[in-house]
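First comes the structure, then the notes that go with it.
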Amino acid sequence: ADPCHDEGGAPRGCVPGLVNAALGREVLASSTCGRPPTRACDASDPRRAHPAALLTSAGGTANPVCWHSDWLTQVPLNVTLTVPLGKAFELVFVSLRFCSTPPTSVALLKSQDHGRSWAPLGFFSSHCGLDYGRQPAPADGPAGPGPEALCFPEPQAQPDGGGLLAFSVQDSSPPGLDLDSSPVLQDWVTATDIRIVLTRPAMLGDTRDTPAMVPYSYSATELQVGGRCKCNGHSSRCLLDTQGHLICDCRHGTEGPDCGRCKPFYCDRPWQRATAREAHACLACSCNGHARRCRFNMELYRLSGRRSGGVCLNCRHNTAGRHCHYCREGFYRDPGRAPSDRRACRACDCHPVGAAGKTCNQTTGQCPCKDGVTGLTCNRCAPGFQQSRSPVAPCVKTP
Amino acid sequence: EVMPTLDMALFDWTDYEDLKPDV
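Residue numbers (my numbering), protein chains in the order written: chain A, 496 to 894; chain B, 184 to 206.
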């Protein structure tokens with residue numbers, strides 16, 4: 496079964512499955528223990544190393560299982576974890592399991608341009624105003640018309656000493672907002688990179704200006720970024736290309752890492768994101784097989800009632816026109832051949848002396864004949880006329 | 184009545200050299 500087409504072959508919106516986009520991705524930690532080595536952590540010894548890779552590895556038999564930051568002894572106590580996802584994903588949730596008492600202040604950021612710029616997704620703090628200058632999140636989600644970065648309670652310490660940071664995109668969005676119909680929400684959930692800034696350890700009291708009285712380190716595992724590979728409704732899976740980059744396996748005449756544009760010949764109407772109800776597939780230009788390229792013309796698209804705006808370029812086989820649907824000057828349509836036939840257009844072959852021009856009737860192939868001349872190509876004298884010696888008046892009335 | 188095709192050899196191009204086709 497093809498998720499992107501129905502049983503009859505008609506295109507339909509399709510999306511990749513929900514995955515942990517962070518799984519196996521390299522995590523960049525601003526601080527990791529073991530350099531220089533200590534009794535508990537040695538970056539050069541796999542049995543005693545706590546690298547950031549443990550945050551996104553599949554787990555299994557790895558021992559140890561938690562990433563540890565270096566000992567933090569002075570402010571600022573920020574430690575940043577950055578996960579490049581490789582391409583755009585549409586986020587559903589982000590979670591991080593702490594292996595020790597969770598921090599009381601965490602910022603969650605996203606990038607949509609592979610780490611060049613960052614925007615907040617949410618904050619987690621017991622002191623939202625003090626730490627981030629924000630009000631605590633309302634219980635029923637954001638008050639505004641769109642999603643926004645809210646400040647949620649800090650991750651709660653569990654009886655085992657750890658804790659879980661859990662962020663759901665849904666919690667930041669007003670109820671009733673639909674991904675298919677809301678470009679704002681589509682933008683909100685899109686991320687190429689995720690960054691978690693651990694800002695304040697739990698043991699340091701309640702003010703951000705509290706100096707570190709005792710050495711502290713952050714410790715965490717199982718960083719999950721739940722989301723779908725962003726393909727704009729035009730692919731059901733993502734693959735690695737020949738350079739090892741993650742890309743959508745685009746359908747519906749689309750291309751690009753996110754299926755974000757129409758393929759070169761598929762520009763009969765503008766690109767659109769697919770929805771659950773409408774595939775909005777890119778349509779191939781109608782060129783009767785005589786052109787390999789086309790361009791989109793918005794004016795023609797509007798005039799056609801938003802049905803077709805493609806204009807064929809470089810029509811071959813002596814064809815011409817927006818759809819290569821008629822013959823270029825000096826050629827006429829062969830009625831015995833289909834419009835898509837390579838030999839659908841025949842040369843007029845107007846007689847160099849008998850015809851008054853080189854352009855024949857597009858439909859019948861009749862050349863314009865001089866007085867007294869007849870025939871499709873004007874190559875004979877009409878009845879009652881005979882050939883003269885003058886190329887200007889090749890046929891004259893028979894005496 | 185089917186008339187014969189125009190015979191190019193019969194034309195006199197003396198005064199119309201510039202119109203003479205390349206045939």
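Even glycine gets a Cβ: it sits at the ideal position worked out from N, Cα and C.
> Looking at the structure shown, is tyrosine 713 (chain A) part of a helix, part of a strand, or coil, going by DSSP?
Replying inline: In the structure shown, tyrosine 713 (chain A) falls within a coil segment according to DSSP collapsed to helix, strand and coil.
>> With three or more beta-carbon pairs closer than 8 Å as the criterion, would you say the stretch 712-722 of chain A touches the stretch 574-590 of chain A?
In response: Because the criterion of three Cβ pairs below 8 Å is met, the stretch 712-722 of chain A and the stretch 574-590 of chain A touch.
> If you run the structure through DSSP and keep just helix, strand and coil, what is serine 663 (chain A)?
Replying inline: Strand.
> Are the stretch 597-609 of chain A and the stretch 536-548 of chain A in contact at 8 Å, needing three or more beta carbon pairs?
Replying inline: No, the stretch 597-609 of chain A does not touch the stretch 536-548 of chain A.
>> At 4 residues or longer, what runs of the alpha helix (DSSP H) sit wholly inside the stretch 790-830 of chain A?
In response: Under the rule that a run must span 4 or more residues, the alpha helix (DSSP H) segments found entirely inside the stretch 790-830 of chain A read 793-798.
>> Counting C-beta neighbours from all protein chains within 10 Å, is the total for valine 896 (chain A) 16 or more, i.e. buried, or is it exposed?
In response: No answer is possible for residue 896 (chain A): the residues shown for chain A start at 496 and end at 894.
> So which residues on chain B does glycine 852 (chain A) lean against when the C-beta distance must stay under 9 Å?
Replying inline: Under the 9 Å cutoff, chain B gives no residues; its nearest Cβ is about 13 Å from glycine 852 (chain A).
>> Please list, in chain order, the chain A residues whose beta carbon lies closer than 7 Å to that of aspartate 140 (chain B).
In response: Residue 140 (chain B) falls outside the range modelled here, since chain B spans only 184 to 206, and no answer is possible.
> Quick one: Cα of tryptophan 566 (chain A) to Cα of serine 712 (chain A), how far?
Replying inline: In a straight line, the C-alpha of tryptophan 566 (chain A) is about 5 Å away from that of serine 712 (chain A).
>> I need the straight-line Cα distance from arginine 703 (chain A) to arginine 695 (chain A), nearest angstrom please.
In response: Confidence at arginine 703 (chain A) is low in this model, with a pLDDT of 49, below 50, so its placement is unreliable and no value can be given for it.
>> As a quick exercise: from A:Arg611, A:Gly671, A:Phe618, A:Glu649, pick the residue whose alpha carbon is nearest that of aspartate 635 (chain A).
In response: Nearest C-alpha to aspartate 635 (chain A): A:Gly671.
> Mapping DSSP to helix, strand and coil, what is tryptophan 562 (chain A)?
Replying inline: Three-state result, tryptophan 562 (chain A): strand.
> Could you check where the alpha helix (DSSP H) with valine 679 (chain A) kicks off and where it finishes?
Replying inline: Element bounds for valine 679 (chain A): 678-684.
>> Taking its Cβ as the centre, do 16 or more other Cβ atoms sit within 10 Å of serine 552 (chain A), making it buried, or is it exposed?
In response: A buried status is given to serine 552 (chain A), since no fewer than 16 other beta-carbon atoms sit within 10 Å of its beta-carbon.
>> Within 9 Å of any Cβ in chain B, is that where the Cβ of glycine 849 (chain A) sits?
In response: It does; some Cβ of chain B falls within 9 Å.
>> Alpha carbons only, please: which of A:Val510, A:Glu502, A:Gly503 is nearest the one belonging to cysteine 733 (chain A)?
In response: Proximity to cysteine 733 (chain A) across A:Val510, A:Glu502, A:Gly503 peaks at A:Val510, based on C-alpha coordinates.
> Is the shortest distance between the beta-carbon of cysteine 855 (chain A) and the beta-carbons of chain B less than 9 Å?
Replying inline: Interface with chain B (9 Å Cβ-Cβ cutoff): cysteine 855 (chain A) is excluded.
> What's the call for alanine 505 (chain A), buried or exposed, on a 16-neighbour Cβ count within 10 Å?
Replying inline: With fewer than 16 other Cβ atoms within 10 Å, it is exposed.
> Who does valine 514 (chain A) pair with in a DSSP beta bridge?
Replying inline: DSSP lists A:Gly722 as the beta-bridge partner residues of valine 514 (chain A).
>> So the candidates are A:Gly624, A:Val891, A:Ser885, A:Cys819; which of them puts its Cα closest to the Cα of leucine 193 (chain B)?
In response: By alpha-carbon distance to leucine 193 (chain B), the top candidate from A:Gly624, A:Val891, A:Ser885, A:Cys819 is A:Ser885.
> Span of the alpha helix (DSSP H) holding glycine 624 (chain A)?
Replying inline: Where glycine 624 (chain A) is concerned, the enclosing alpha helix (DSSP H) stretches over 623-627.
>> Please state whether the Cβ-Cβ distance between arginine 828 (chain A) and leucine 808 (chain A) is less than 9 Å.
In response: No. Outside cutoff.
> Does cysteine 890 (chain A) get closer than 9 Å to chain B when you measure Cβ to Cβ?
Replying inline: Yes, contact with chain B.
> The beta strand (DSSP E) spanning phenylalanine 619 (chain A) covers which residue range?
Replying inline: For phenylalanine 619 (chain A), the enclosing beta strand (DSSP E) begins and ends at 614-620.
>> Cutting at 6 Å between CB atoms, please list the residues of its own chain near histidine 729 (chain A), excluding the five before and the five after it.
In response: Within the same chain, Cβ atoms closer than 6 Å to the Cβ of histidine 729 (chain A) are found at Cys745, Arg746, His747, Thr749, Cys754, Ala769, the five residues on either side in sequence being excluded.
>> With a threshold of 6 Å on Cβ separation, who are the neighbours of glycine 610 (chain A) within its own chain once the five nearest residues in sequence on each side are excluded?
In response: Once the five neighbours on either side are set aside, the close Cβ partners of glycine 610 (chain A) are Asp688.
> Of all the CB atoms in chain B, is at least one closer than 9 Å to the CB of serine 835 (chain A)?
Replying inline: Taking Cβ atoms only, chain B never reaches closer than 9 Å to serine 835 (chain A), which makes this a no.
> At what residue ranges does the stretch 528-598 of chain A contain a whole run of the beta strand (DSSP E), taking only runs of 3 or more?
Replying inline: Fully enclosed beta strand (DSSP E) runs of 3 or longer: 574-593.
> In chain B, what lies closer than 8 Å to asparagine 874 (chain A) by C-beta?
Replying inline: In chain order: Thr188, Leu189.
> In or out: valine 570 (chain A) buried (at least 16 other Cβ within 10 Å) or exposed?
Replying inline: Counting Cβ neighbours within 10 Å, valine 570 (chain A) comes out exposed, since fewer than 16 surround it.
> Can you name the residues of chain A whose CB is closer than 8 Å to the CB of aspartate 201 (chain B)?
Replying inline: Aspartate 201 (chain B) does not reach chain A, its nearest Cβ partner there being about 11 Å away, counting only Cβ pairs nearer than 8 Å.
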